[in-house]
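For reference, the structure is listed below as structure tokens.
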Amino acid sequence: MSALYRLLPSIDLALRDLESAGVLAADDLLRPLARYALTALLDGMREAIREGRIMDENALRAQVTPEALRDHVRKALAPRLRRVVNATGVVAHTNLGRSRLPEAAVKAVEQAARWYSNLEFDLSTGERGSRHAIIEELLVHLTGAEAAIAVNNNAAATLIVLDTLAKGREVLVSRGQLVEIGGSFRIPEVMEKSGAALREVGTTNRTHLRDYAGAIGPETGLMMRVHCSNYRIVGFTAEVGLPDLVTLARLHDLPVYDDLGSGTLFDFANPALPVPLTGEATVQECVRAGADVVSFSGDKVLGGPQAGLIVGKKAVIDRIRKNPLARAMRVDKMTFAALEATLRLYLDPERARRDIPTLAMITADPAILKRRAQKLAALLRKSLGDMVAISVVPGASRVGGGAFPERDLPTFLAALKPSCTTAASLAAALLGPPPPLPPLVGRVERDALHLDPRTLDDAEFPLVRDILVSVLAG
Ligand SMILES: *Cc1c(COP(=O)(O)O)cnc(C)c1O
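Position 257 of the sequence shown, counting from 1, maps to 703 under the numbering used here, and the rest follow consecutively.
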């Protein structure tokens, strides 16, 4: 056992090796992190020896070679929030940061971050201004609503709308819409937090207007519709459309709130698109149908930064603005910068489709995706030789972010079958290429690693190749 302990290098010796190998500069800012990582690693090994989990000298020797320690420290020193190459084909991938911002938004964020701004300063009077004014005009113009406000995300939007309009009252929601979104956001629980009482209406698969009508009473404060973001009810089903809900609500002088989840300002059903997607109303359509208040996410299909956008009747938005929660949920300057730049692109839907990566990816032409998959496959074949068999196969991408749930977007994939390992272990190895190469996330299906060009930028193709070469040859 003591022979095993003696194989462990001293921390100082290991740090000196890192310096001579150029992993760590002599005056490196990250030196404490390197020391911490080494200490934790060696302490772990000491414990494993003590508990008899490491008994073989040669196995231990292989774990503490200078190369192994350098590799360990290199990974420990990489920033925790890192770029990832998304080859999954899921466009608004919540685990991968949802939307990539349009170039104009990236520039706006940089300005807002680097310099002072008129965030809350009225340049026409030289006095204090309101940050809410930054995007209200744009949102009003784009959606046709009377007023608008942005909060931190759509979960916050839901909470503040319910708190403002229905605290201590009943909210009618169809049973089929009591959704749980990943990360513990569940409509019944948000309702409870807001102090509103949920009144379920109808059945799981069928809810009729008469169910709502029968549930309205003196306690009713709000009628709410929730987008079924991650499931679909199919078969013998019925839901009440927004116009009918609005008509009923008006008879009883009740407000209607539409939580659109992702929401979209872009008409994906436009028949001129390569693959029109039907079934989701735009925010504009919901406003026109008479909803008093509508909320949606900034970073799902909209393609901007994380935010919750609330549009609706002026009287309602004014009350939301005065709610003390609004301050707790307020949006920061970098988000406003990105949001304004993104929303401006929507003034011309063609520009929006071209310049907002999320829209460009969702509406990509399958014929072009096929050519891009072939280009990627050819590039990879050239460098990977017979380490991997590569073909181009038809497949499906997803919108993500809870929009168009369960709907497949036709695509073409580069399918990789490695010769010396399984697709699953290749996929796992691609999550940890040596820094500074970013991790690559693909999808394993039918014993092949699938790379979907839909969520890759052309400029990322050589990077995909470099990551694969380093992982397969390394
Ligand atoms: C995604 C979603 C939310 C939460 O939106 P975030 O922007 O992620 O906070 C709320 N409601 C519905 C229906 C959703 O799909």
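Here a beta-carbon is modelled for each residue, glycine too, at the ideal position from N, C-alpha and C.
Look at the alpha carbon of residue i and the alpha carbon of residue j, and state the distance between them as a whole number of angstroms.
i, j, result
"Arg797", "Leu791", "6 Å"
"Pro751", "Asp609", "24 Å"
"Met670", "Pro856", "34 Å"
"Ala480", "Leu515", "10 Å"
"Leu652", "Cys674", "The residue asked about is misnamed: residue 652 is Arg in this sequence, not Leu. If you take the alpha carbons of Arg652 and Cys674, they lie about 14 Å apart."
"Glu726", "Val747", "12 Å"
"Gly535", "Asp568", "43 Å"
"Gly920", "Asp893", "22 Å"
"Lys816", "Ser843", "13 Å"
"Leu459", "Asp474", "16 Å"
"Asp801", "Ser545", "13 Å"
"Thr540", "Ala486", "31 Å"
"Ser456", "Ile913", "33 Å"
"Pro795", "Pro478", "50 Å"
"Leu655", "Leu697", "13 Å"
"Cys732", "Gly841", "33 Å"
"Glu556", "Val702", "38 Å"
"Pro664", "Val647", "16 Å"
"Leu644", "Arg767", "24 Å"
"Thr937", "Asp811", "Here the chain covers residues 447 to 920 and nothing more, so residue 937 does not appear."
"Leu408", "Lys863", "The chain is shown from 447 up to 920; residue 408 falls before or after that span and cannot be answered."
"Ala772", "Ala522", "39 Å"
"Gly572", "Glu566", "10 Å"
"Leu661", "Met637", "The displayed chain sequence assigns Ala, not Leu, to residue 661. Ala661 and Met637: Cα-Cα distance of roughly 17 Å."
"Ser741", "Pro884", "35 Å"
"Asn769", "Arg818", "50 Å"
Quick check on this structure: which residue in the options has the alpha carbon closest to the alpha carbon of residue i?
i, options, result
"Leu886", "Arg817, Gly878 and Arg892", "Gly878"
"Val597", "Arg892, Pro899, Leu825 and Phe782", "Phe782"
"Asn564", "Ala579, Ala810 and Ala603", "Ala579"
"Asp705", "Ala761, Leu723 and Gln623", "Gln623"
"Leu902", "Leu914, Gly888, Leu895 and Val469", "Gly888"
"Ile627", "Val531, Val617 and Pro851", "Pro851"
"Ala737", "Pro689, Pro722, Asp699 and Met775", "Pro689"
"Ala806", "Asn769, Leu470, Arg900 and Arg496", "Arg900"
"Asp778", "Arg496, Pro525, Ala472 and Arg577", "Arg577"
"Arg799", "Gly614, Phe907, Gly749 and Ala842", "Gly749"
"Val510", "Arg528, Leu527, Leu523 and Gly490", "Gly490"
"Val910", "Ser545, Asn532 and Ala642", "Asn532"
"Leu723", "Leu585, Leu584 and Val845", "Val845"
"Ser865", "Leu895, Phe714 and Leu883", "Leu895"
"Ile679", "Thr649, Val519 and Leu461", "Thr649"
"Gln820", "Phe858, Ala784 and Asp811", "Phe858"
"Ala921", "Val721, Glu731, Ala849 and Phe907", "The displayed coordinates of the chain run from 447 to 920. Any statement about residue 921 would go beyond what the structure contains."
"Glu891", "Ser630, Met637, Ala869 and Leu876", "Ala869"
"Glu635", "Tyr658, Arg462 and Leu605", "Leu605"
"Ala554", "Ala642, Ala602, Thr788 and Asp657", "Thr788"
"Lys613", "Val469, Phe631, Asn599 and Ser640", "Ser640"
"Val721", "Leu755, Pro770, Ala813 and Phe742", "Ala813"
"Asp713", "Thr728, Asn676, Asp699 and Phe631", "Thr728"
"Ala905", "Ser916, Leu822 and Leu918", "Leu822"
Identify every residue that forms a DSSP beta bridge with residue i.
i, result
"Met669", "Leu618 and Val702"
"Ile756", "Ile595 and Ser741"
"Val531", "Leu886"
"Phe567", "Arg574"
"Arg652", "Ala684"
"Arg544", "His539"
Where does the unbroken beta strand (DSSP E) through residue i begin, and where does it stop?
i, result
"Glu891", "Arg889 to Glu891"
"Gly841", "Val834 to Gly846"
"Phe858", "Leu855 to Pro864"
"Glu646", "Ala643 to Val647"
"Val536", "Val536 to Ala538"
If you follow the alpha helix (DSSP H) that residue i is part of, which residue opens it and which one closes it?
i, result
"His587", "Ala579 to Thr589"
"Val636", "Ile633 to Ser640"
"Ala894", "From DSSP, Ala894 is part of no alpha helix (DSSP H) but of the beta strand (DSSP E) over Ala894 to Leu897."
"Leu695", "Note that residue 695 corresponds to Ala in the displayed sequence, not to Leu. Unbroken alpha helix (DSSP H) run through Ala695: Leu688 to Leu697."
"Ile495", "Arg477 to Arg496"
"Val625", "Careful: Val625 lies outside any alpha helix (DSSP H) and carries neither H nor E."
"Asn504", "Glu503 to Gln509"
"Asn600", "Asn600 to Ala612"
"Ile913", "Phe907 to Ala919"
"Cys732", "Val729 to Arg734"
"Ala467", "Here Ala467 belongs to no alpha helix (DSSP H), and DSSP marks it neither H nor E."
"Phe782", "Lys779 to Leu791"
"Thr804", "Pro803 to Ile808"
"Ala397", "An answer regarding residue 397 cannot be provided, because it is not within the stretch 447 to 920 covered by the chain."
"Ser456", "Segment: none, Ser456 is in no alpha helix (DSSP H) and carries neither H nor E."
Let me see if you follow: with CB-CB separation under 7 Å, is residue i close to chain C or not?
i, result
"Pro634", "Of the chains in the structure shown, none is chain C; there is only one protein chain."
Taking contact to mean at least 3 C-beta pairs separated by less than 8 Å, is the stretch 499-512 in contact with the stretch 449-456? yes
Would you check if there are 3 or more beta carbon pairs closer than 8 Å linking the stretch 610-629 to the stretch 666-686? Yes, the stretch 610-629 touches the stretch 666-686.
Please determine if the stretch 756-774 and the stretch 578-593 are in contact, where contact requires at least 3 C-beta pairs separated by less than 8 Å. yes
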